[in-house]
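Novice:
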Amino acid sequence: MKEWASGSRRLPASAWLFDSGLALAAAGLSTLMFTDFMNTAQPTPPRGMLALGYALALLHTLPLAARRRFPGSVLALCVASGLAVATLGVPELLGIAILVAVYSVAAYGDRWVSLAGLAAAELGSAAVQLTQGSFHWPTPITNALVIGAAWLLGHFVGVRRAYTARLEQTAELERARAEQARQAVTEERLRLARELHDVVAHSISVIAVQSGVGAHVAKTQPEEAAKALAAIEATSRAALIELRRLLGVLRQEGESQGDLAPVPGLVDLDGLLAEVAKAGLGVRLRVEGTPAPLPAGVDLSAYRIVQEALTNVVKHAGPARAQVAIRYRDHEVMVEVTDDGRGVTAPTSNGRARVGHGLIGMRERVAVFGGDLEVGPRPGGGFRVAARLPLAAKQR
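Heads up: the sequence shown runs through residues 1 to 396, numbered per the numbering used here.
Structure, rendered in structure tokens:
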């Protein structure tokens, strides 16, 4: 038998106090009624009968203190003790305790326990009528209706409470999902900060090398020195732009600074597609426009977006084929990854698509450069990821 909360949830103190007070009040009323009945029926009742009656009266009422925690057991004790009391000829005891127990089993017990308890209470009430020899139709019908009304009231309260609990659980899940999304954004920003740091560090290393070359040939080869200075100017401008973007991204303190190794870019897509092909995904690459050198941060972000989109296809799309399109424009570069699989997101209970960490990371990368990102299922099946990365992003 599964009782309310199965012991996994603690009742508030106010509920225990209320139920304990209710049980004590019912016990006091029942003992008083039993004493009055015995004094009226038998001026000098046997002590054994009095002790048994009091014990049954307490067994009939005191378990109500645990009616929320063990509703099925409490009702079983009430019915059994009530039938035993009825054999003593004291039907007055079968009142409030039975109704409270029936209400409780409907409000806090499982469905089958609730229905079984209702049937037991109805049969017990009819048995009492037979035991007392007063089986007249109006009385059992009235008792059955009253017990049924108590069960219905408890059933409605139980349904209401279960609905409220589901709403609270849904709200808690939404809060957990929002917190997870915020954490994913933070983690992605930290990772992006590290990569942008590598971009800036690489640019500074290039400047250092070019300045050394310029200083070495300044007197003997002025033309080479001029070329070195031009390279320094272009690299430093790009580095300043990346540095400004870096300042807008959170970076965790105490992390290693990373090395000066060049970071991947769109020129490395062939290697990426070869790795994806080993996983069984056929990918076709299409390049539109004239490939041109991109700012290091834009180049890296475009590569990472393609990498993440293809990873999602491999993980979620099932048997599929994909296509990567790179479009070079005068002031922007556009990246599009499409597939003909079953898609990478599944709808949640509220009908909205569930956003994973990969898509959050793409949005963060695009937002750094003031670009746009479109993700979603394709009309003919499959999924599409399209990103626009401006080459001259708005400074934040």
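Where is the CB? At the ideal position from N, CA and C, for every residue including glycine.
What residue from I204, W112, A97 has the CA that sits closest to A66's CA?
Specialist: The option with the nearest alpha carbon to A66 is A97.
Novice: Is there contact between the segment 137 to 156 and the segment 180 to 188, where contact requires at least three CB pairs shorter than 8 angstroms?
Specialist: As far as the Cβ criterion goes, the segment 137 to 156 does not touch the segment 180 to 188, which means the pair count is below three.
Novice: For L281, which of helix, strand or coil comes out of DSSP?
Specialist: Correct three-state label for L281: coil.
Novice: To the nearest angstrom, how far is the alpha carbon of G380 from that of A234?
Specialist: Straight-line Cα distance between these residues: approximately 45 angstroms.
Novice: Provide the residue(s) that pair with Q409 in DSSP beta bridges, ordered along the chain.
Specialist: Nothing in the structure corresponds to residue 409, since the chain is present only between 1 and 396.
Novice: Give a yes or no on whether the C-beta atoms belonging to G212 and A225 are separated by under 7 angstroms.
Specialist: For G212 and A225, no; Cβs fall outside 7 angstroms.
Novice: For G117 and R378, what's the separation of their Cα atoms in angstroms?
Specialist: Approximately 55 angstroms between the Cα atoms of the pair.
Novice: Quick one: what does DSSP say F369 is sitting in, helix, strand or coil?
Specialist: Looking at F369 - three-state DSSP - the assignment turns out to be coil, as it is neither helix nor strand.
Novice: Assuming P264 contacts L229 under a Cβ cut-off of 8 angstroms, what Cβ separation, rounded to an integer in Å, is found between them?
Specialist: Not quite, the Cβ-Cβ distance comes to about 29 angstroms (not below 8 angstroms), so this is no contact.
Novice: Quick check: the Cα distance between R384 and R237, rounded to an integer number of angstroms?
Specialist: Each residue's Cα considered, the two are about 34 angstroms apart.
Novice: Q210: buried (16+ other C-beta within 10 angstroms of its C-beta) or exposed?
Specialist: Classification for Q210: buried.
Novice: If you count every other CB in all the chains shown that lies within 10 Å of the CB of N39, and 16 or more means buried, which is it?
Specialist: Classification of N39: exposed, given that the 10 Å Cβ count is below 16.
Novice: So, with DSSP's three-state summary, where would you put G376?
Specialist: G376: strand per DSSP, three-state reduction.
Novice: Any idea if H60 is buried or exposed, counting beta-carbon neighbours within 10 angstroms, 16 or more meaning buried?
Specialist: By the neighbour-count rule (16 or more Cβ atoms within 10 Å), H60 is buried.
Novice: Could you check what DSSP says for R384 in three-state terms: helix, strand or coil?
Specialist: If DSSP states are grouped into helix, strand and coil, R384 belongs with the strands.
Novice: Give the DSSP-derived three-state secondary structure of P390 in the structure shown.
Specialist: DSSP places P390 in strand when its eight states are reduced to three.
Novice: Smallest Cα separation from Q307: which of L269, G341, V287, A106?
Specialist: Nearest of L269, G341, V287, A106 to Q307, Cα basis: L269.
Novice: I'd like to check one pair, A387 with I326: are the Cβ atoms closer than 7 angstroms?
Specialist: No, Cβ-Cβ distance for I326 and A387 is not below 7 angstroms.
Novice: Determine, using beta carbons only, whether L58 and V105 come nearer to each other than 7 angstroms.
Specialist: No.
Novice: How about L391 and E332: do their beta carbons lie closer than 7 angstroms?
Specialist: Their beta carbons are under 7 angstroms apart, which means L391 touches E332 by this criterion.
Novice: In whole angstroms, what separates the C-alpha of G124 from that of R166?
Specialist: Cα-Cα distance, rounded: 35 angstroms.
Novice: How many whole angstroms separate the CB atoms of G282 and G318, which I take to be in contact at a CB cut-off of 8 angstroms?
Specialist: The pair is not a contact, with the Cβ atoms about 13 angstroms apart (cut-off 8 angstroms).
Novice: Find out if the Cβ-Cβ distance for the pair D330, V313 is shorter than 7 angstroms.
Specialist: Going by C-beta atoms, D330 is not nearer than 7 angstroms to V313.
Novice: Assuming contact is defined by CB atoms lying nearer than 7 angstroms, are Y103 and G154 in contact in what I supplied?
Specialist: Contact flag set, yes.
Novice: In the DSSP output, which residue or residues are listed as bridge partners for E332?
Specialist: Partner(s): P390.
Novice: In whole angstroms, give me the CA-to-CA distance for T409 and E122.
Specialist: In the structure displayed, the chain extends from 1 to 396; residue 409 sits before or after that span and is not available.
Novice: Report the residue ranges of all alpha helix (DSSP H) runs contained in full by the segment 86 to 128; include only those spanning at least 4 residues, in chain order.
Specialist: If we require 4 residues or more, the alpha helix (DSSP H) runs fully inside the segment 86 to 128 come out as 96 to 108.
Novice: For K315, which of helix, strand or coil comes out of DSSP?
Specialist: Three-state result, K315: helix.
Novice: Going by beta carbon distance, what residues of the same chain come within less than 6 angstroms of D372, once the five residues before and after it are set aside?
Specialist: Here the set comprises R388.
Novice: Shorter than 6 angstroms, the distance from the beta carbon of A55 to the closest heavy atom of the ligand ATP, or not?
Specialist: In the structure on display, the ligand ATP does not appear, and there are no ligands present to speak of.
Novice: Residues in the same chain with beta-carbon distance under 7 angstroms from E364, minus the five sequence neighbours each way, listed in chain order, please.
Specialist: Cβ within range, chain order: V185, E188, R189, L192.
Novice: Could you tell me if S14 is buried or exposed, where buried requires 16 or more neighbouring beta carbons within 10 angstroms of its beta carbon?
Specialist: Exposed, since its Cβ has fewer than 16 Cβ neighbours within 10 Å.
Novice: Specify the secondary structure class of F34 as computed by DSSP and reduced to three states.
Specialist: Helix at F34.
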